[in-house]
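Mapping of the sequence shown onto the numbering used here: position 67 corresponds to residue 67, and the numbering continues sequentially without gaps.
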Amino acid sequence: MTKIKICGTTNYKDAMNAVNLGADYLGFNFYKQSPRYIKEQNAKIIIEKLPQKTKKVGIFVNEDISKIKRTVNFCNIDVIQLSGEENPQFIMDLKKALPNKVIKSFRVKKISGIKNINKYKTDYVMLDSFKKGLYGGTGTAFDWRLAKNADKKRLFLSGGLNSLNVKLAIHEIKPYAVDVCSSIEHYPGKKDFEKMKEFIEAAK
């Protein structure tokens, strides 16, 4: 069964609603320019109250390894998501510094944007939509056909997914997981319970 990642978690109520509805991963965005940015202390308080089975993902954008390490250890993050321009050498250095699983996110415009994916020795890859100046949370979909040649066993599919198209996306691409953010929000950082429920039910 396809896993579900709810991204942009900023408060305990939304986090527990996601858990109770069946989310497998919760994303906490530590990129300060994001409208869904959460302070480390606030993330730690939420994470301490969550069940162990729910994987907590820390999202970082072009951050240095020492800062990632401090945040991961302080907040008890399970999975590291890199959503910037991190290169393969950075991934190798990060994997030496921390035992956590790593997702590398790629913003897709055309097939050339994903041709070098195999150079990145990560546990998972995420394919997301490209929008200048934004690292995730674009609310727009990319051409899913570009994802068909990706390794499905480690693929997080993202970008413009909602309750109306996620079932088709799963059927066509068969990703390991789907990632959702803006389509289940009242506004950036605040989830809409009904939209989140509809999305998770459609994805299951």
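All C-beta atoms in this analysis are idealised placements derived from N, C-alpha and C, irrespective of residue type, glycine included.
All of these numbers come straight from a predicted model, not from anything done at the bench.
- Message: Rounding to the nearest angstrom, what Cα-Cα distance links A150 and K121 in this structure?
- Response: Straight-line Cα distance between these residues: approximately 14 Å.
- N-terminal and C-terminal residue of the beta strand (DSSP E) that S105 is part of: 101-108
- Message: Tell me which residues share the same chain as K119 and place their Cβ nearer than 6 Å to its Cβ, disregarding the 5 neighbours each side in the sequence.
- Response: P88
- Per DSSP, what kind of secondary structure is Y12 in: helix, strand or coil? helix
- Message: Just checking: is the beta-carbon of L168 within a distance shorter than 9 Å of some beta-carbon in chain B?
- Response: Given the protein chain composition of this structure (a single chain), no chain B is represented.
- Query: Cα separation between N42 and E201?
  - Reply: 29 Å
- Message: Looking at the secondary structure, which residues open and close the beta strand (DSSP E) in which K55 lies?
- Response: 55-60
- Query: How many angstroms separate the CA atom of N11 from the CA atom of I91?
  - Reply: 29 Å
- Query: Alpha carbon to alpha carbon, how far is G136 from A97?
  - Reply: Only weak support exists for where G136 lies, its pLDDT of 46 falling under 50; the value from the coordinates is given anyway. Cα to Cα, the separation comes out at about 25 Å.
- Proximity of A147 and V108 at Cβ, strictly below 9 Å: yes
- Message: Alpha carbons only, please: which of M126, K67, L26 is nearest the one belonging to D78?
- Response: L26
- Message: To the nearest angstrom, how far is the alpha carbon of A15 from that of K101?
- Response: 21 Å
- Message: Taking 8 Å as the limit between beta carbons, can you name the residues of its chain near K190, skipping five residues before and five after?
- Response: Correct list, in chain order: T10, N11, D14.
- Item | Buried versus exposed, by CB contacts within 10 Å (16 or more), M126 | buried
- Helix, strand or coil for E40 per DSSP? Three-state result, E40: helix.
- Within the segment 141-186, ranges of the beta strand (DSSP E) (whole runs, at least 3 residues): Complete beta strand (DSSP E) runs here, min 3: 155-157, 177-180.
- Beta-carbon contacts of F74 that lie in its chain and below 7 Å, excluding the five residues immediately before and after: E40, K44
- Collapsed DSSP secondary structure at M1 in the structure displayed: DSSP, reduced to helix, strand and coil, places M1 outside both helices and strands of the structure shown, so it counts as coil.
- Task: Starting from the Cα of P51, find the closest Cα among A18, E63, I65 and give me that residue.
- Result: A18
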